[in-house]
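First up is the structure itself, then whatever we jot down about it.
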Amino acid sequence: MSYLIKELPEEQRPRERFKKYGVSSLSNEELLSILLRTGTSNKSVKELSTDILKNIKINEFANINYNSLKNIKGVGEVKAITIISAIEFGKRVLSKKDLVIQIKSSLDIYNLVKDELENELQEKFLAIYLNNRKYIIDKKIIFVGTVNSSNVTPRDVFREAVKCNASSMIIVHNHPAGSIKPSYQDVYLTNQFIKLGKMMSIPIIDHIIIGKNNYYSFLESNGDLFAQE
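Residue numbers (the working numbering): 3 to 231.
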């Protein structure tokens, strides 16, 4: 028999505390308890939540994977899916909250994506689409994996640009190892995108590489690449 939240004393029920004091008053264990809903045959949901947080530090949840979570005793498939889905939903909400900002420098881009990319264990390739006043229209993850010219295709990037009627765009990817030095593939890919952007009248105005607590801007380092012909 698993323990339900409703079986806890009323003053200990996370949902009751939520209604009475607000979500910010809840501890990490209480927030996790609301997601899990039930405990196990020998542990209450709050005890299970405490066990999970002993296994996974709160700052590690952003990159936790399904299998690692599912293998914690008492979690299982349904609870793992619920937690991973909640984390992903939160990431998507945060990724959209700053889309009304105007891009004035490469630092603006770095500040926009650093929390999302600096601690990623895989390379991610993003495109940030701008209107004619350099306000962000949309931001999309185009590819996850090793970023090179064979798997990041301009077709996918520019299809989205046309779809959202972008006037220009900035491409971004991270280096999980932390270095911001561009690879040969990074340079080649940048040149390919710049050429195509000019042909389609949707210019690439920068390519940003995100490393550990730092970034590299192709525009700042190689401004002549972006000069209009």
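Think of the CB as a built atom: it goes at the ideal place given N, C-alpha and C, for glycine as much as any other residue.
Keep in mind it's a predicted model, so treat the numbers as computed, not measured.
In its chain, beyond the 5 residues on either side, I211, Y218 have a beta carbon closer than 7 angstroms to the beta carbon of P184.
By the Cβ criterion, the region 159–175 is in contact with the region 118–133, since at least three pairs of Cβ atoms, one from each stretch, lie closer than 8 angstroms. In the displayed model, N176 falls within a strand according to three-state DSSP.
Counting only the Cα atoms, E62 lies some 15 angstroms from A82. Listed in chain order, the alpha helix (DSSP H) elements of length 4 or more contained wholly in the region 66–126 are 68–72, 78–98, 108–119. Per DSSP, F20 lies in no beta strand (DSSP E); the unbroken alpha helix (DSSP H) holding it starts and ends at 16–23. Just measuring C-alpha positions, the residue of S107, S26, I85 sitting nearest N69 is I85. One alpha carbon belongs to N67, the other to M201, and they sit about 41 angstroms apart. Under the DSSP assignment, K56 falls in the alpha helix (DSSP H) whose first and last residues are 47–57.
Contact check for G76 and D53: beta-carbon distance about 7 angstroms, within the 8 angstroms limit, so the pair qualifies. Going by DSSP, D188 is part of the alpha helix (DSSP H) stretching over 186–202. Relative to the Cα of G147, the nearest Cα in the group P178, D140, S169, K165 belongs to P178. With contacts defined as CB atoms closer than 7 angstroms, S169 and N224 fail to qualify as a contacting pair.
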